[in-house]
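In terms of my numbering, the sequence shown opens at residue 2 and continues consecutively. What follows is a short report on a single structure.
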Amino acid sequence: MSKISPEYLENEIAAEIFMKAVDQSPIAISITDKKANILYINEAFTEVTGYTDAEILGKNESELSYKSTPREVYKELWRTISRKQIWHGHLVNKKKQGERYLAELMISPMLNKMGEISHYIGMHRDVTNTHQAEQQLNNQKKLIESVINASPVAMVVLDNSYQIILDNKMYKTLISQLNHHVPALFFIHALQQEFGDLWANSTLLTHGFSHHEIRVESMGGQRGTRWFSCSGNWFSEENTGADNFFLKQSKDYLLLSICDVTFQRQQQEKLQLQTLQSMMVEEEHIRSIRETLLGAMHQMRLPLNQVNAAVQIMAQRNDSQNVPLKMLLTQVQQMGEDALNTLQRCVPEIPESAVMPVNLNQLLHQVIRLFSHKFLSNGIIVDWLPNSILPSILGSDNKLRMLFKQLIDNAVDAMNRASSRERIIKIGTSVENDWVCVTIADTGSGIPINQHSKVFEPFFTTQTMGGFQAGMGLVMAREIINQHDGMIEIDANYTNGCCFNLRFPVCSKMRGENDE
Ligand code: FAD
Numbered sequence: 002m003s004k005i006s007p008e009y010l011e012n013e014i015a016a017e018i019f020m021k022a023v024d025q026s027p028i029a030i031s032i033t034d035k036k037a038n039i040l041y042i043n044e045a046f047t048e049v050t051g052y053t054d055a056e057i058l059g060k061n062e063s064e065l066s067y068k069s070t071p072r073e074v075y076k077e078l079w080r081t082i083s084r085k086q087i088w089h090g091h092l093v094n095k096k097k098q099g100e101r102y103l104a105e106l107m108i109s110p111m112l113n114k115m116g117e118i119s120h121y122i123g124m125h126r127d128v129t130n131t132h133q134a135e136q137q138l139n140n141q142k143k144l145i146e147s148v149i150n151a152s153p154v155a156m157v158v159l160d161n162s163y164q165i166i167l168d169n170k171m172y173k174t175l176i177s178q179l180n181h182h183v184p185a186l187f188f189i190h191a192l193q194q195e196f197g198d199l200w201a202n203s204t205l206l207t208h209g210f211s212h213h214e215i216r217v218e219s220m221g222g223q224r225g226t227r228w229f230s231c232s233g234n235w236f237s238e239e240n241t242g243a244d245n246f247f248l249k250q251s252k253d254y255l256l257l258s259i260c261d262v263t264f265q266r267q268q269q270e271k272l273q274l275q276t277l278q279s280m281m282v283e284e285e286h287i288r289s290i291r292e293t294l295l296g297a298m299h300q301m302r303l304p305l306n307q308v309n310a311a312v313q314i315m316a317q318r319n320d321s322q323n324v325p326l327k328m329l330l331t332q333v334q335q336m337g338e339d340a341l342n343t344l345q346r347c348v349p350e351i352p353e354s355a356v357m358p359v360n361l362n363q364l365l366h367q368v369i370r371l372f373s374h375k376f377l378s379n380g381i382i383v384d385w386l387p388n389s390i391l392p393s394i395l396g397s398d399n400k401l402r403m404l405f406k407q408l409i410d411n412a413v414d415a416m417n418r419a420s421s422r423e424r425i426i427k428i429g430t431s432v433e434n435d436w437v438c439v440t441i442a443d444t445g446s447g448i449p450i451n452q453h454s455k456v457f458e459p460f461f462t463t464q465t466m467g468g469f470q471a472g473m474g475l476v477m478a479r480e481i482i483n484q485h486d487g488m489i490e491i492d493a494n495y496t497n498g499c500c501f502n503l504r505f506p507v508c509s510k511m512r513g514e515n516d517e
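As structure tokens, then:
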């Protein structure tokens, strides 16, 4: 009222308009004397309370009380308005028919010319439904929160800048267990090594990902490997801002679930190890047959080459006197080739296995465990230095296992041959850009630098031919590496023995989808 000029108020038509505005206001308005006795009500007051003018005028506002609002609220109400201040709050009211409703009420004191309270004006609306909806929403939120909290799976909701919006109890447990301030970021980083940027991968955004397993090597001061199965789903939430009323805007969130599957994987690994142990005996058998046959073929090839050379020389000389000898040599040559072909057919093949994503930490750890007896009986200490998290590579686990077994076997032999005092084999993994790197270093006799490339040639051995050494192990190793698009080299700067550096391309299957 104070904003209307006195001249304007003096105008009778304007006063009438003002009165009409109050009368027809959608908010229930009442004007009382200083003791809350009602002097005026508008139409909306009747609509809300059910009382007509005749029924309520002259009566006290307390008529509306349902008598369940705490006394303290009324005390505070009167304390406020008596100090000439506006009170705003909620009261439980009763309609004429006795029906209870929640009133959102504002009481404002009206002052006379002397600045004293002359009247009070009350404005209220029935907010029972709004309150009910709010309560229902709150209850739903609490229900969802308690269901999420009761889940044995760690859950976290992240926005597109990886800010955590919501998490559950299990996730908080993970913070202390992994001793990582934001475990979600740790897992996101691991997932991104395989999927690339999660928010840029349209396939992921639409379909999410499920049960993607992440192997974590000793972390947060805890020793031992742990496995986590991660699933991710994206969902959109409508913006709640006022501008969203006409122009719909939404924001995407990622719900990341992290389930600790360590126990299951440990059991699985135990079983797998038992199977591998029996398979290893079989593989060892095949390998020794292969090496024996290839070695024998190599030995036969040398004299046969001489015979071939002799036949060629005789053919060039066209010497008629030596025709019987020439025929004999040709016969020997043919028989030799036939024998070699027969032997070649007898060389057993390295068993093929399906190409799939392989975690080299897991595979190497398996091989180390398979070798544990050998290490123990040879007094060898194994220094296992895995990268905390390793992206998968695409490969045949069978062949890769054979590769690492060969390199570790070589290392053990080299340390035994050199009678090294310090018998340590260091096996480590790391990630460099899009490569998974493996290092196998021993404290054995080492390989002279001028033989670094020769050792990968067939039948080359650094040993004097005392025991039977076919010199085919590193040939096989290189072959397996090549089949995996990898690389192998001997570290020229390593002086404590021999150190093999291997690298394999990170499994790019999932990234491929992302890059499109
Ligand atoms: P009390 O709180 O003890 O009040 C009884 C009566 O004593 C009051 O109604 C009032 O007439 C008088 N009184 C108490 N304290 C003072 C004081 N400090 N100064 C002057 N007189 C006082 N209450 C509701 O429950 N619902 C409403 O919708 C509602 N609307 C109101 C609108 C206005 C404009 C005002 C001024 C008050 C309103 N009240 C309302 C408060 C209401 O007047 C009562 O205080 C309240 O209902 C509690 O009543 P009670 O009978 O339990 O007793």
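Here a beta-carbon is modelled for each residue, glycine too, at the ideal position from N, C-alpha and C.
Cα separation between residue i and residue j?
{"i": "Gly468", "j": "Arg418", "result": "The predicted model places Gly468 with a pLDDT of 41, which falls under 50 and marks its position as unreliable; any figure quoted below should be read in that light. Straight-line Cα distance between these residues: approximately 12 Å."}
{"i": "Leu404", "j": "Leu377", "result": "21 Å"}
{"i": "Ala104", "j": "Ala151", "result": "37 Å"}
{"i": "Glu77", "j": "Ala243", "result": "33 Å"}
{"i": "Arg318", "j": "His299", "result": "29 Å"}
{"i": "Glu64", "j": "Asp54", "result": "14 Å"}
{"i": "Gln136", "j": "Glu146", "result": "15 Å"}
{"i": "Leu330", "j": "Gln407", "result": "40 Å"}
{"i": "Gly116", "j": "Lys85", "result": "9 Å"}
{"i": "Ser3", "j": "Glu48", "result": "The predicted position of Ser3 is uncertain, since its pLDDT is 44 and thus under 50; a value taken from the coordinates is nonetheless stated next. Distance between the alpha carbons of Ser3 and Glu48: 28 Å."}
{"i": "Glu517", "j": "Asn434", "result": "Summary for Glu517: the model assigns pLDDT 36, below 50, so the residue's position carries little reliability; its value from the coordinates is reported in the next sentence. Answer to the nearest angstrom: the Cα atoms are 20 Å apart."}
{"i": "Ile409", "j": "Ile441", "result": "8 Å"}
{"i": "Ser232", "j": "Ser446", "result": "48 Å"}
{"i": "Arg288", "j": "Val368", "result": "17 Å"}
{"i": "Lys95", "j": "Val128", "result": "13 Å"}
{"i": "Ile481", "j": "Ile489", "result": "10 Å"}
{"i": "Asp292", "j": "Met473", "result": "Per the sequence shown, the amino acid found at residue 292 is Glu instead of Asp. Computed Cα separation, rounded: 7 Å."}
{"i": "Asp384", "j": "Ile428", "result": "6 Å"}
{"i": "Arg266", "j": "Leu364", "result": "13 Å"}
{"i": "Gln278", "j": "Ile149", "result": "43 Å"}
{"i": "Val456", "j": "Met477", "result": "11 Å"}
{"i": "Ala415", "j": "Pro392", "result": "31 Å"}
{"i": "Met466", "j": "Ser203", "result": "At Met466, the pLDDT of 46 sits below 50, so the modelled position is not reliable; the number obtained from the coordinates is stated separately. Cα to Cα, Met466 sits roughly 60 Å from Ser203."}
{"i": "Arg512", "j": "Gln193", "result": "Because Arg512 carries a pLDDT of 49, less than 50, the predicted location of this residue cannot be relied on, and no value is offered for it."}
{"i": "Ile426", "j": "Thr444", "result": "7 Å"}
{"i": "Ser354", "j": "Leu401", "result": "10 Å"}
{"i": "Asn379", "j": "Asn411", "result": "13 Å"}
{"i": "Lys249", "j": "Ser237", "result": "12 Å"}
{"i": "Leu274", "j": "Met280", "result": "10 Å"}
{"i": "Val413", "j": "Val439", "result": "17 Å"}
Between which two residues does the alpha helix (DSSP H) harbouring residue i extend?
{"i": "His132", "result": "Thr129 to Ala151"}
{"i": "Tyr172", "result": "Lys170 to Leu179"}
{"i": "Leu78", "result": "Arg72 to Ser83"}
{"i": "Glu284", "result": "Thr263 to Arg318"}
{"i": "Val333", "result": "Val324 to Cys347"}
{"i": "Glu353", "result": "It is not in any alpha helix (DSSP H) - Glu353 carries neither H nor E in the DSSP assignment."}
Report, in whole angstroms, the separation of the C-beta atoms of residue i and residue j, which I expect to be a contact under 8 Å.
{"i": "Glu62", "j": "Ser31", "result": "7 Å"}
{"i": "His132", "j": "Met107", "result": "No, His132 and Met107 are not in contact; Cβ-Cβ is about 16 Å, not under 8 Å."}
{"i": "Ile39", "j": "Gly59", "result": "7 Å"}
{"i": "Thr430", "j": "Asn494", "result": "That pair is no contact at about 19 Å."}
{"i": "Pro358", "j": "Cys508", "result": "5 Å"}
{"i": "Ser230", "j": "Val262", "result": "5 Å"}
{"i": "Ala45", "j": "Ile28", "result": "6 Å"}
{"i": "Ala37", "j": "Tyr102", "result": "Contact flag wrong, Cβ pair sits at about 19 Å."}
{"i": "Ile491", "j": "Ile448", "result": "6 Å"}
{"i": "Ala1", "j": "Ile165", "result": "This structure cannot speak to residue 1, because the chain is shown only from 2 to 517."}
{"i": "Val333", "j": "Gly396", "result": "With 8 Å as the limit, Val333 and Gly396 do not qualify as a contact, their Cβ atoms being about 44 Å apart."}
{"i": "Ile390", "j": "Val217", "result": "6 Å"}
{"i": "Arg479", "j": "Val437", "result": "Their Cβ separation, rounded to whole angstroms, is 18 Å, which puts Arg479 and Val437 out of contact at 8 Å."}
How far does the beta strand (DSSP E) with residue i in it reach, from first residue to last?
{"i": "Glu490", "result": "Met488 to Ile491"}
{"i": "Ser31", "result": "Ala29 to Thr33"}
{"i": "Ile482", "result": "Premise fails: Ile482 lies in the alpha helix (DSSP H), Gly474 to Gln484, not in any beta strand (DSSP E)."}
{"i": "Asn497", "result": "No beta strand (DSSP E) contains Asn497, which DSSP labels as neither H nor E."}
{"i": "Val157", "result": "Ala155 to Leu159"}
So which residues put a beta carbon under 7 Å from any heavy atom of the ligand FAD, going in chain order?
Spelled out in chain order, the answer is Ser31, Thr33, Lys35, Lys36, Ala37, Asn38, Asn61, Glu62, Ser63, Leu65, Ser66, Lys68, Thr70, Tyr75, Leu78, Trp79, Ile82, Ser83, Leu92, Asn94, Ala104, Leu106, Ile108, Tyr121, Ile122, Gly123 and His125.
Segments of 4+ residues assigned as alpha helix (DSSP H) that fall wholly inside the segment 194-260:
Runs of alpha helix (DSSP H) with 4 or more residues, each lying fully within the segment 194-260, are found at 203-208, listed in chain order.
For a minimum of 4 consecutive residues, which ranges assigned as the alpha helix (DSSP H) are wholly contained in the segment 417-468?
If we require 4 residues or more, the segment 417-468 turns out to have no alpha helix (DSSP H) run fully inside it.
Quick check on the DSSP output: what are the complete beta strand (DSSP E) runs of length 3 or more inside the segment 370-425, in order along the chain?
DSSP runs (the beta strand (DSSP E)) wholly in the segment 370-425: 382-386 and 394-397.
Just to confirm the assignment: which complete beta strand (DSSP E) runs, minimum length 3, are found wholly within the segment 37-116?
Counting whole runs of 3 or more residues, the segment 37-116 contains the beta strand (DSSP E) stretches 39-42, 88-95 and 101-112.
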